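Enquirer: Got a structure here, written out as structure tokens. Questions coming.
Protein chains: 2
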Amino acid sequence: MLQRDMTDLTTQSETKRAPTSADVARLAGVSQTTVSQVLNGKAGVARIASETRDKVLEAARQLGYTPNHAARSLRERRTKLIALILPTIDNPYFSDVVNAAQEAAREAGYAVAVIPIRAGEEFRVSTFLQGAACDGIIVAGHDNCSSPELQILRARGLAVAVLQERSPDPAISSVSVDLAEGGYLATHHLAGLGHRRIGHITERLRPAADGRSRIDGYRRALAEAGLFFDPALVVVTENSMAGGAAGLDRLLEADGEPATAAFVYNDQLAVGVLARLRERGQRVPEDFAVVGFDGLAIGAFTAPPLTTVDSPRGALGRLAAETLIRAIETGADVGETHRLPVRLEVRGSCGARERPAP
Amino acid sequence: MLQRDMTDLTTQSETKRAPTSADVARLAGVSQTTVSQVLNGKAGVARIASETRDKVLEAARQLGYTPNHAARSLRERRTKLIALILPTIDNPYFSDVVNAAQEAAREAGYAVAVIPIRAGEEFRVSTFLQGAACDGIIVAGHDNCSSPELQILRARGLAVAVLQERSPDPAISSVSVDLAEGGYLATHHLAGLGHRRIGHITERLRPAADGRSRIDGYRRALAEAGLFFDPALVVVTENSMAGGAAGLDRLLEADGEPATAAFVYNDQLAVGVLARLRERGQRVPEDFAVVGFDGLAIGAFTAPPLTTVDSPRGALGRLAAETLIRAIETGADVGETHRLPVRLEVRGSCGARERPAP
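Residue numbers (full-length UniProt numbering), protein chains in the order written: chain A, 1 to 358; chain B, 1 to 358.
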């Protein structure tokens with residue numbers, strides 16, 4: 001037994017010699033200076049062509065190379081701090097996620113710093129994110145998650161987990177809620193109540209290659225109910241209460257037979273939709289039915305109370321923190337994918353309060 | 001002229017020799033080891049009696065002593081990051097403050113990290129706040145601002161500014177909005193509309209030695225209108241929408257002639273108040289008038305839209321960041337006090353839409 005184990009160890013150490021920056025340079029076809037500039041965060045990195053940078057990152061990934069200094073820093077100078085990069089903190093959705101992430105982190109002895117980085121802004125937070133000041137980061141927001149800086153941080157040995165987005169790298173864990181299922185539940189419910197013209201008021205229409213967006217579920221439920229998907233009933237608007245009000249106006253002014261119901265991107269937009277329906281003298285749910293998404297506290301206090309897809313915000317934040325901390329503490333590339341289930345919370349705005357959900 | 005200047009310089013350098021840790025130890029009557037433990041953040045600090053710690057901090061403050069290592073670290077290793085310690089990010093009030101602080105910081109080349117620390121939690125965020133990972137901190141929340149850790153960070157040479165609280169130290173700048181004036185404007189307005197029994201639904205009743213809380217303005221407006229201050233009409237509740245609903249119930253069940261109006265601590269509570277009034281079949285503003293505080297976006301979308309004291313959240317966040325960055329970059333103890341004015345935003349919930357505000 002011992003003999004056998006030792007042989008394995010020898011074999012392993014021979015085949016698995018730790019890769020060096022020279023190996024990375026050779027595989028990428030660049031100089032060691034360039035490798036160091038990309039992976040050590042030296043000043044020159046901004047001037048390196050993006051193809052070169054990508055070649056270095058890909059080579060480092062293939063070889064499993066982590067710069068020594070980053071590894072040493074992580075081992076010796078644990079900051080016990082994790083950073084949570086969010087596209088915005090304007091939506092209370094994120095405060096629920098942050099609170100839960102923070103609670104899970106605290107249980108494991110970590111603190112959480114929230115860094116809001118809006119779409120289009122530079123993902124560059126001084127030395128903070130360069131591995132010196134935190135042990136790992138949780139990233140949300142499409143632009144943040146697809147940023148080359150994220151890959152650079154990962155390549156430098158920082159633990160990373162992605163929230164509610166596709167992971168840009170199989171080694172990076174991803175934790176999300178099932179948006180498509182939510183879109184399906186909301187639309188299926190409205191179709192079951194007899195609505196034939198169901199609109200979708202949304203914040204964005206990004207091509208979701210994985211078919212896992214709200215609108216994918218919306219289309220699936222329409223098809224199942226034998227309803228025609230009419231692009232005129234899909235309205236893209238700004239992600240705010242005012243955006244919801246403007247979106248409702250546009251939906252009601254769309255060509256063709258008017259919509260009698262809408263599945264709305266999130267509860268914040270839905271608050272604006274309800275207010276504008278009131279201003280237009282339309283009764284909810286008698287004249288128009290509304291279903292939101294997120295399950296925010298405000299939904300219980302609107303007039304009428306809002307039917308919504310309850311997203312497990314707390315579980316999402318907790319799982320993201322736990323997954324990240326596991327990656328920090330084991331030093332392993334976990335690459336887990338978690339997708340949490342959602343459920344429909346039926347209140348007054350859909351008109352089904354009297355009858356059970358279909 | 002030159003002669004004169006040189007004399008002054010000589011005098012200054014003689015009288016103003018940089019204080020050493022030995023001077024601090026002498027003045028505080030403790031050992032240099034103790035001074036070092038308190039001011040350099042060594043592990044032992046938690047075991048030092050709080051009186052001893054206070055003596056060291058007071059001596060360091062009196063002498064203007066800053067540990068060399070902290071000063072050097074600040075000069076040489078600027079992180080270009082500022083931390084914003086908030087008691088919660090649940091209230092959209094804070095996201096408006098954060099967005100503006102972040103914008104001002106970005107203009108000056110700084111990034112912002114938000115660290116939520118709830119009341120009762122430990123103000124100890126690993127090495128992050130020990131002067132190594134950020135250049136300065138903006139602190140909000142009573143417990144955070146009165147924390148001894150804040151004084152320790154300050155004494156270690158970190159720039160500090162306090163948001164919406166009394167500064168615990170004359171050298172620490174404070175930036176706030178005029179809460180008492182807001183309470184006065186709201187209550188004065190309701191009294192001007194003929195209300196004689198005006199309640200106050202609030203989140204807390206902390207003795208405000210400086211007379212600058214919302215309730216001080218509420219009492220001043222009542223007195224001015226010749227109205228009796230009735231403690232039975234002041235209801236303390238949880239700081240949430242559900243708390244607002246519960247507070248309204250308690251206000252309406254209070255002894256004596258019932259209230260016909262309420263000045264509510266913030267818009268979040270007021271959303272709950274409006275929803276509960278609707279549930280109780282009371283018309284707003286005909287049966288009951290409501291004025292909130294903060295000026296959040298939601299107030300334009302409630303039924304009816306909410307009259308509120310508009311707090312300059314953006315200006316507050318911006319000024320806090322600018323004040324802190326000035327302290328970071330000049331290295332000077334600024335100790336500025338800013339108190340920003342508020343204004344009443346009249347909408348439908350107070351019943352004054354038809355008539356001009358008094």
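The beta carbon of each residue, even a glycine, is placed where N, CA and C say it ideally should be. For clarity, every value in this text was computed on a predicted model and none was experimentally measured.
(1) Using the Cβ count rule (16 or more neighbours within 10 Å means buried), how would you classify THR260 of chain A?
(2) List in chain order: all unbroken alpha helix (DSSP H) runs of 4+ residues lying wholly within the region 295-340 of chain B.
(3) Which value, in whole angstroms, describes the spacing of the CA atoms of ALA303 of chain B and CYS350 of chain A?
(4) Compare the C-beta of ILE298 of chain B with all C-beta atoms of chain A and state if any pair is closer than 9 Å.
(5) Can you find a CB in chain B that lies within less than 9 Å of the CB of PRO92 of chain A?
(6) Determine the DSSP secondary structure at residue 414 of chain A, reduced to helix, strand or coil.
(7) Can you confirm whether THR302 of chain B, when its beta carbon is compared against all beta carbons of chain A, has any partner nearer than 9 Å?
(8) In the DSSP assignment, find the alpha helix (DSSP H) that holds SER36 of chain B and state where it starts and stops.
(9) Report, in whole angstroms, the separation of the C-beta atoms of GLU107 of chain B and HIS142 of chain B, which I expect to be a contact under 8 Å.
(10) In whole angstroms, what separates the C-alpha of ALA105 of chain B from that of GLY199 of chain B?
(11) When you compare each of B:ASP178, B:ALA223, B:VAL162 to ILE172 of chain B by their alpha carbons, which one comes out closest?
(12) Note the first and the last residue of the continuous beta strand (DSSP E) segment covering HIS195 of chain A.
(13) Please tell me whether SER240 of chain B has its Cβ less than 9 Å away from any Cβ of chain A.
(14) Would THR20 of chain B count as contacting chain A if we go by Cβ distances under 9 Å?
(15) Using a beta-carbon distance cut-off of less than 7 Å, what residues from the region 259-279 of chain B approach chain A?
(16) Mind listing the chain A neighbours of GLN164 of chain B? Cutoff is C-beta to C-beta under 8 Å, in chain order.
(17) Determine the burial state of ALA49 of chain B: buried for a count of at least 16 other Cβ atoms within 10 Å of its Cβ, exposed for fewer.
(18) Closest to THR323 of chain A by C-alpha separation, out of A:SER147, A:SER36, A:ALA101, would be which residue?
(19) Nearest by alpha-carbon distance to ALA321 of chain A: which of A:GLY109, A:SER311, A:LEU150 is it?
(20) Can a CB atom of chain A be found closer than 9 Å to the CB of SER176 of chain B?
(21) Taking only beta carbons into account, state which residues of the region 105-119 of chain B come closer than 7 Å to chain A, listed in chain order.
(22) Check the Cβ of VAL160 of chain A against every Cβ in chain B and list those closer than 7 Å, keeping chain order.
(23) Could you tell me which of B:TYR65, B:GLY64, B:LYS80, B:ARG118 sits nearest to ASP90 of chain B, measuring between CA atoms?
(24) Considering only C-alpha positions, which residue in the set B:ARG61, B:VAL309, B:ALA332, B:ARG283 is nearest to GLN151 of chain B?
(25) Leaving aside the five residues before and after residue 361 of chain A along the sequence, list all residues of the same chain whose C-beta is less than 7 Å from its C-beta, in chain order.
(26) Counting pairs of beta carbons, one from the region 326-335 of chain A and one from the region 279-289 of chain A, are three or more of them closer than 8 Å?
(27) By Cβ distance, which residues of its chain are closer than 6 Å to SER174 of chain A, with the 5 residues on each side in sequence left out?
(28) Per the DSSP calculation, ILE215 of chain A is bridged to which residue(s)?
(29) Comparing the C-beta of ALA186 of chain A with each C-beta of chain B, is any distance below 9 Å?
(30) Measuring alpha carbon to alpha carbon, tell me which of B:VAL291, B:SER36, B:LEU296 ends up nearest ARG313 of chain B.
(31) Does DSSP classify residue 398 of chain B as helix, strand or coil?
(32) Taking the CB atoms as reference points, tell me whether ALA242 of chain B and THR187 of chain B lie closer together than 9 Å.
(33) Are the C-beta atoms of VAL346 of chain A and some chain C residue less than 9 Å apart?
(34) Flag LEU81 of chain B as yes if its beta-carbon sits less than 9 Å from any beta-carbon of chain A, otherwise no.
(35) Within the 9 Å Cβ cut-off, does VAL98 of chain A reach chain B?
(36) Can you say whether ALA22 of chain A is buried or exposed, counting buried as having 16 or more other CB atoms within 10 angstroms of its CB?
Expert: Reading off the structure:
(1) buried
(2) Counting only runs of at least 4 residues, the region 295-340 of chain B fully encloses the following alpha helix (DSSP H) elements, listed from N- to C-terminal order: 313-330.
(3) 18 Å
(4) yes
(5) yes
(6) Chain A is shown only over 1 to 358; residue 414 of chain A falls outside these bounds and no answer can be derived.
(7) yes
(8) Its alpha helix (DSSP H) spans residues 32-39.
(9) Incorrect: roughly 30 Å between the Cβ atoms, too far for contact.
(10) 40 Å
(11) B:VAL162
(12) Where HIS195 of chain A is concerned, there is no enclosing beta strand (DSSP E), given that its DSSP letter is neither H nor E.
(13) True, the Cβ-Cβ gap to chain A drops below 9 Å.
(14) no
(15) VAL271, GLY272, ALA275, ARG278
(16) Result: empty, since nearest Cβ-Cβ is about 18 Å, beyond 8 Å.
(17) Here ALA49 of chain B is exposed. Its C-beta has fewer than 16 other C-beta atoms within 10 Å.
(18) A:ALA101
(19) A:GLY109
(20) With 9 Å as the cut-off, SER176 of chain B does not count as an interface residue toward chain A.
(21) ALA111, ALA113, VAL114, ILE115, PRO116
(22) Residues of chain B passing the Cβ test: none, with the nearest at roughly 17 Å.
(23) B:ARG118
(24) Looking from the CA of GLN151 of chain B, the closest CA among B:ARG61, B:VAL309, B:ALA332, B:ARG283 belongs to B:ARG61.
(25) Past the edges of chain A, shown from 1 to 358, lies residue 361 of chain A, and the structure says nothing about it.
(26) no
(27) VAL162, SER167, THR337
(28) Per DSSP, none; premise fails for ILE215 of chain A.
(29) no
(30) B:LEU296
(31) This structure cannot settle anything about residue 398 of chain B, because the visible part of chain B is limited to 1 through 358.
(32) no
(33) Of the protein chains in this structure, namely A and B, none is chain C.
(34) LEU81 of chain B counts as touching chain A.
(35) yes
(36) exposed
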